[in-house]
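Heads up: the structure comes next, in structure tokens.
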Amino acid sequence: MNVNILDIPRVYTGIAEWLACMVFCLRLEPRLPLRWRIPVSLTGLAVQCLFLVVTDDIPIFFWIPCMITAALLMMGLILALCDLDLASGAYACVHAFVLAEFTASLEWQMHCFLWPENHPVWWQRWGLLVLIYGAIFAVMTLLLRRSNPRRTRLMVTGQELLITVMMGICVFAISNLSFYFKDTPFSGQYAGEIQNIRTFVDLCGVAILFAYHLQRDRTMARQELSAMQMLLESQYAQYRMSRDSIDMVNRKYHDLKHQIAALRAEQDPAVRGQWLDEMERDIQTYEAQNKTGNTVLDTLLTGKSLYCQKHHIALTVVADGGQLGFMDMMDICSLFGNALDNAIECELKLADKDKRMIHLTLAAQKQFLILQVENYCPDAPSFRDGLPVTTKRDSENHGFGLKSIQFTARKYGGSTSIQARDGWFVLKVLLPIANQESSVRQGG
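Following the working numbering, the numbering of the sequence shown begins with 109 at its first residue and continues without gaps.
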């Protein structure tokens with residue numbers, strides 16, 4: 109009995125489509141807890157295979173609508189399992205669909221090459237399928253993991269989706285052109301030739317889509333790094349401005365000595381009282397300076413304290429800045445500046461000025477330096493990928509402050525944790541002190 113090389117068993121195609129979805133779902137942020145993901149995944153496998161088997165004998169005219177429906181079922185499964193919007197789900201679906209087309213085509217071509225006349229025994233048939241499917245999907249999983257080691261949440265723009273869909277349509281159309289149109293310059297005339305076209309075009313499609321996905325990720329990473337660099341430079345610029353302002357405060361404080369001498373010579377009690385009130389205000393401003401043991405941190409905290417006083421935000425600081433000797437000046441500006449700016453931005457949204465409160469503590473405990481910034485936040489934000497979701501409309505260009513904090517912490521081998529509990533937003537950064545001291549000694 110001759111095997112029809114063009115007639116891939118529909119259950120094989122269904123399994124390939126399901127596995128392709130699983131490859132991408134493993135690298136995306138999950139929507140459901142594990143106890144629900146497993147039954148939903150298995151249900152998706154059953155539905156995918158059942159649909160393709162039931163529609164096996166439909167006329168060729170309905171074949172393309174059938175493939176579109178199969179792709180929509182794949183997208184539905186991806187959206188059910190992963191925390192994606194519709195555009196991102198469609199983007200992942202196109203990648204998975206082309207990968208499944210290539211895998212099913214290659215496996216069946218190898219099957220027909222090994223057993224062209226008769227069907228093999230069941231263990232040979234399924235053994236080949238497990239071998240080829242397992243190899244292809246394992247390689248793709250490793251490639252996706254190397255391109256981005258962490259689970260991610262896709263953020264796909266309309267233009268990126270359009271480009272991906274157009275590439276997917278072109279790959280599918282060219283690879284299956286010979287099934288619909290026999291008499292074109294690009295159609296194959298023989299079954300083996302048609303199968304070769306389908307397999308190699310699908311392989312090219314997988315490579316092109318993956319290259320585009322990789323380039324897209326790298327472009328986004330460069331944009332994110334550029335944005336964090338701008339934040340870093342902005343915080344350093346604020347530090348420079350604060351330093352200049354503090355120099356002015358120091359000169360003003362020095363002038364108080366002369367004002368005191370004039371005050372003693374003044375006989376009018378009303379004028380003397382007015383001068384005393386002015387001196388008291390100047391002293392309160394000067395007391396906004398923080399003495400932590402690190403001049404960079406002192407300058408930055410003083411600038412933030414002055415801003416908080418102006419906007420009726422109660423900022424309390426307990427910090428041992430002497431522990432920060434291992435950190436670069438710009439990293440200190442970035443870490444503490446972004447942490448306080450995020451807290452200040454949250455407090456400014458509170459209408460009740462008496463509730464605007466920020467607490468900053470910096471202390472060494474055992475082998476770690478712990479920075480904790482707490483600010484009053486009665487409305488707990490939503491979290492995604494461990495970070496609060498920005499409430500700004502231009503979400504793609506915001507939310508980099510906390511990412512910059514994470515980046516700085518990882519640079520020194522540390523970690524960050526963010527929580528919203530009991531009406532407070534809590535940011536905690538842990539930096540291993542022992543590693544830093546060892547690095548400083550080796551560097552010296």
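Where is the CB? At the ideal position from N, CA and C, for every residue including glycine.
Checklist line | Helix, strand or coil at histidine 467 according to DSSP, with G and I counted as helix | finding: Taking the sequence shown and counting its residues from 1, one reaches residue 467 at position 359. In the three-state DSSP reduction, histidine 467 falls in the strand class (E or B).
Next item on the list: Go ahead and pull the three-state DSSP assignment for arginine 529.
Entry: If you number the sequence shown from 1, residue 529 lands on position 421. Of the three classes helix, strand and coil, the one that applies to arginine 529 here is strand, per DSSP.
Check: What three-state label does DSSP hand proline 228 in the structure shown?
Finding: On the sequence shown, residue 228 is found 120 positions in, with the first residue counted as 1. It is coil, neither helix nor strand.
Note to self: Measuring alpha carbon to alpha carbon, tell me which residue in Ala472, Met248 and Ala459 is nearest glycine 430.
What the structure shows: In the sequence shown, residue 430 corresponds to position 322, counting from 1. Here the closest residue by C-alpha is Ala472.
Notebook entry, point to check: Among residues of its own chain, excluding the 5 on either side of serine 525, which ones have a beta-carbon nearer than 7 Å to its beta-carbon?
Noted result: By 1-based counting over the sequence shown, the position of residue 525 is 417. Excluding positions up to five away in sequence, the list reads Lys536.
Margin query: Between leucine 134 and valine 155, how many whole angstroms is the CB-CB distance? I'm expecting something under 8 Å.
Written below: Locating residue 134 in the sequence shown gives position 26, where the first residue counts as 1. Locating residue 155 in the sequence shown gives position 47, where the first residue counts as 1. Rounded, the Cβ-Cβ distance is 20 Å, inconsistent with contact.
Margin query: With DSSP as the reference, identify every bridge partner of glutamine 473, one or two as the case may be.
Written below: Counted from its first residue, the sequence shown places residue 473 at position 365. In the DSSP output, where bridge partners are listed per residue, glutamine 473 has Phe476.
Note to self: Does tyrosine 484 come out as helix, strand or coil in the three-state DSSP assignment?
What the structure shows: On the sequence shown, position 376 is the one that residue 484 refers to. Residue state, collapsed to three classes: strand.
Next item on the list: Look at valine 161 and threonine 249 and say whether their C-beta atoms are less than 8 Å apart.
Entry: Taking the first residue of the sequence shown as position 1, residue 161 is located at position 53. Taking the first residue of the sequence shown as position 1, residue 249 is located at position 141. Their beta carbons are not under 8 Å apart, which means valine 161 does not touch threonine 249 by this criterion.
Note to self: For valine 119 and valine 206, which I take to be in contact (beta-carbon distance under 8 Å), what is that distance rounded to the nearest angstrom?
What the structure shows: Residue 119 sits at position 11 when you count from the first residue of the sequence shown. Residue 206 sits at position 98 when you count from the first residue of the sequence shown. Going by Cβ atoms, the distance from valine 119 to valine 206 rounds to 20 Å, so no, they are not a contact pair.
Checklist line | C-beta contact flag for aspartate 310 and glutamate 215 at 8 Å | finding: In the sequence shown, counting from the first residue as 1, residue 310 sits at position 202. In the sequence shown, counting from the first residue as 1, residue 215 sits at position 107. Going by C-beta atoms, aspartate 310 is not nearer than 8 Å to glutamate 215.
Check: If we count the other Cβ atoms within 10 Å of its Cβ and call it buried at 16 or more, is proline 377 buried or exposed?
Finding: Here residue 377 corresponds to residue number 269 of the sequence shown, with the count starting at 1. Answer is exposed; the Cβ neighbour count stays below 16.
Next item on the list: Kindly list the residues whose CB is nearer than 8 Å to the CB of alanine 422, restricted to its own chain and excluding five residues on each side of it in sequence; keep chain order.
Entry: Taking the sequence shown and counting its residues from 1, the one referred to as residue 422 is at position 314. For alanine 422, where only same-chain residues beyond five positions count, the Cβ hits under 8 Å are Cys416, Arg464, Met465 and Ile466.
Checklist line | Exposure label - phenylalanine 533; buried when at least 16 CB within 10 Å | finding: By 1-based counting over the sequence shown, the position of residue 533 is 425. By the neighbour-count rule (16 or more Cβ atoms within 10 Å), phenylalanine 533 is buried.
Check: Where does leucine 251 fall in DSSP's three states?
Finding: For this step, residue 251 is matched to residue 143 along the sequence shown. Leucine 251 falls in the helix class under three-state DSSP.
Next item on the list: To the nearest angstrom, report how far apart leucine 477 and alanine 488 are at their CA atoms.
Entry: Position 369 of the sequence shown, counting from 1, holds the residue named residue 477. Position 380 of the sequence shown, counting from 1, holds the residue named residue 488. Cα atoms of leucine 477 and alanine 488: separation of roughly 27 Å, rounded to the nearest angstrom.
Check: Does DSSP put proline 138 in a helix, a strand or coil?
Finding: As a first step, residue 138 must be located in the sequence shown, where it is residue number 30. Looking at proline 138 - three-state DSSP - the assignment turns out to be strand.
Checklist line | Beta carbon of alanine 212 nearer than 8 Å to that of threonine 121 | finding: Locating residue 212 in the sequence shown gives position 104, counting from the first residue. Locating residue 121 in the sequence shown gives position 13, counting from the first residue. The Cβ atoms of alanine 212 and threonine 121 sit closer than 8 Å to each other.
Check: Just how far apart, CA to CA, sit isoleucine 277 and valine 202?
Finding: Locating residue 277 in the sequence shown gives position 169, counting from the first residue. Locating residue 202 in the sequence shown gives position 94, counting from the first residue. Rounded to the nearest whole angstrom, the C-alpha separation of isoleucine 277 and valine 202 is 9 Å.
Item checked: DSSP three-state assignment for alanine 128, whether helix, strand or coil -> Counting from 1 along the sequence shown, the entry for residue 128 is found at position 20. In this structure, alanine 128 counts as helix in the three-state DSSP scheme.
Next item on the list: Would you kindly work out how many angstroms separate the C-alpha atoms of histidine 321 and arginine 330, rounded to a whole number?
Entry: As a working note, residue 321 is residue 213 in the sequence shown. As a working note, residue 330 is residue 222 in the sequence shown. Spanning the two alpha carbons is a distance of roughly 14 Å.
Note to self: For chain C, check one thing: does any of its Cβ atoms lie closer than 8 Å to the Cβ of isoleucine 466?
What the structure shows: Among the protein chains of the structure shown there is no chain C, as only one such chain exists.
Next item on the list: Please work out which residues of its chain come closer than 6 Å, Cβ to Cβ, to isoleucine 282, disregarding the five sequence neighbours upstream and downstream, and give them in chain order.
Entry: Here the question's residue 282 lines up with position 174 in the sequence shown. Taking C-beta separations shorter than 6 Å and ignoring five residues to either side along the sequence, the partners of isoleucine 282 in its chain run Val309, following chain order.
Check: Looking at the structure shown, is phenylalanine 280 part of a helix, part of a strand, or coil, going by DSSP?
Finding: In the sequence shown, residue 280 corresponds to position 172, counting from 1. If DSSP states are grouped into helix, strand and coil, phenylalanine 280 belongs with the helices.
Next item on the list: In angstroms with no decimal places, state the Cα-to-Cα distance between serine 503 and leucine 270.
Entry: Indexing the sequence shown from 1 puts residue 503 at position 395. Indexing the sequence shown from 1 puts residue 270 at position 162. Note that serine 503 scores a pLDDT of 47, beneath 50, so its modelled location is shaky; the value from the coordinates is reported in the next line. Straight-line Cα distance between these residues: approximately 21 Å.
Notebook entry, point to check: So which of Ile123, Thr163 and Ala188 has the shortest CA-CA distance to arginine 145?
Noted result: On the sequence shown, position 37 is the one that residue 145 refers to. When each option's Cα is compared against that of arginine 145, the closest is Ala188.
Notebook entry, point to check: For isoleucine 316, which residues of its own chain have a beta-carbon under 8 Å away from its beta-carbon, when the five flanking residues on both sides are left out?
Noted result: Numbered from 1 along the sequence shown, position 208 holds the residue referred to as residue 316. Within the same chain, isoleucine 316 has close Cβ partners Met275 and Val279.
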